[in-house]
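In our numbering, the protein residues as written are 194 to 444.
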């Protein structure tokens, strides 16, 4: 139910690069779906803090408190006017993401639904993500049927296991493989802490596959610039040979 972004990165965490003096930031992101459509996103910054991402038909605003991203607001752009559709608010504890509160404004109208994700750090590399929902009017909150166990290594999400809340039995999982190059979003202040966000990884995702069968769901190939950042990403859905989309990054 959340606004779907036009580029795909999956991973998470770590904050080592936020104070880097030498960094590149993507200013323009061009996504092309062969035979269908294309979209150009303009990304604005305040130094290396992200302010907004503007697409043809949508826009995302980011809000900071110090060096922490504390919120995002999603808008649809209709006839030149920005209409807010949902938002996310982040809270932290001991320098780590503790919870996210989602408010879906548009699709649940007039009975708004609050969604909350809570993160528990079981070890340096293992994080439990629980999801809760509550009716905007009654305030009654219930935990969802499944939670996730996220494994983090070198700033990247390398595994996700979906577990049944009632039985505590794993249902399915994903394995992620990365290159050793720089993610386009690596140097954005606070981004690496947003472990729910596809832009939080240090490196670039090469593949997402089933943790059980090994079957590929997504494959990504990259061309890099001299600084080790991707200029071009080619995405193959399902791991096939047919190109699903191209994404070009201009810094």
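Using N, Cα and C, we set each Cβ at its ideal position, and we do this for glycine too.
Can you tell me the Cα-Cα spacing of residue 368 and residue 352, whole angstroms? In the chain shown, counting from the first residue as 1, residue 368 sits at position 175. In the chain shown, counting from the first residue as 1, residue 352 sits at position 159. Near 5 Å, if we compare the C-alpha coordinates of residue 352 and residue 368.
Whole angstroms are fine: how far does the CA of residue 231 sit from the CA of residue 439? By one-based count along the chain shown, residue 439 stands at place 246. By one-based count along the chain shown, residue 231 stands at place 38. Roughly 9 Å between the two C-alpha positions.
Flag residue 443 as yes when its Cβ comes closer than 7 Å to any non-hydrogen atom of the ligand ATP, and as no otherwise. With respect to the ligand ATP, the structure offers nothing, as it holds no ligand at all.
Check the C-beta distance from residue 314 over to residue 289 and give it rounded, since I have them as a contact under 8 Å. What you label residue 314 is simply residue 121 of the chain shown in a count that begins at 1. What you label residue 289 is simply residue 96 of the chain shown in a count that begins at 1. Their Cβ separation, rounded to whole angstroms, is 6 Å, which keeps residue 314 and residue 289 in contact under 8 Å.
With contact counted as at least three CB pairs below 8 Å, one residue from each stretch, are the stretch 393-412 and the stretch 218-230 in contact? Counting C-beta pairs closer than 8 Å gives fewer than three between the stretch 393-412 and the stretch 218-230, which falls short of the contact rule.
What span of residues does the beta strand (DSSP E) with residue 377 cover, start to end? For the purposes of this step, residue 377 is identified with residue 184 of the chain shown, where counting begins at 1. Element bounds for residue 377: n/a, residue is neither H nor E.
Is it true that the stretch 270-285 meets the stretch 413-422, where meeting means three or more beta-carbon pairs spaced less than 8 Å apart? In the pairwise beta carbon analysis, the stretch 270-285 is classified as not touching the stretch 413-422: fewer than three pairs are separated by under 8 Å.
Can you tell me which of the three DSSP states residue 310 falls into? As a position in the chain shown, residue 310 is number 117, starting the count at 1. Strand, per DSSP.
Excluding the 5 residues preceding and the 5 following residue 244 in the sequence, name in chain order all residues of the same chain whose CB lies nearer than 8 Å to its CB. Residue 244 sits at position 51 when you count from the first residue of the chain shown. Excluding sequence neighbours, residue 244 sits near 237, 238, 254, 255.
What does a CB cutoff of less than 6 Å around residue 365 pick up in its chain, not counting 5 residues either side in sequence? One-based indexing of the chain shown puts residue 365 at position 172. Cβ within range, chain order: 355.
Can you pull the DSSP bridge partners for residue 447? The structure shown has nothing for residue 447, since the chain only spans 194 to 444.
Spatial neighbours of residue 374 within its chain, please: C-beta separation below 8 Å, excluding the five flanking residues on both sides. What you label residue 374 is simply residue 181 of the chain shown in a count that begins at 1. Closer than 8 Å at the Cβ level, and outside the excluded window around residue 374, lie 396, 397, 415, 417, 421, 422, 423.
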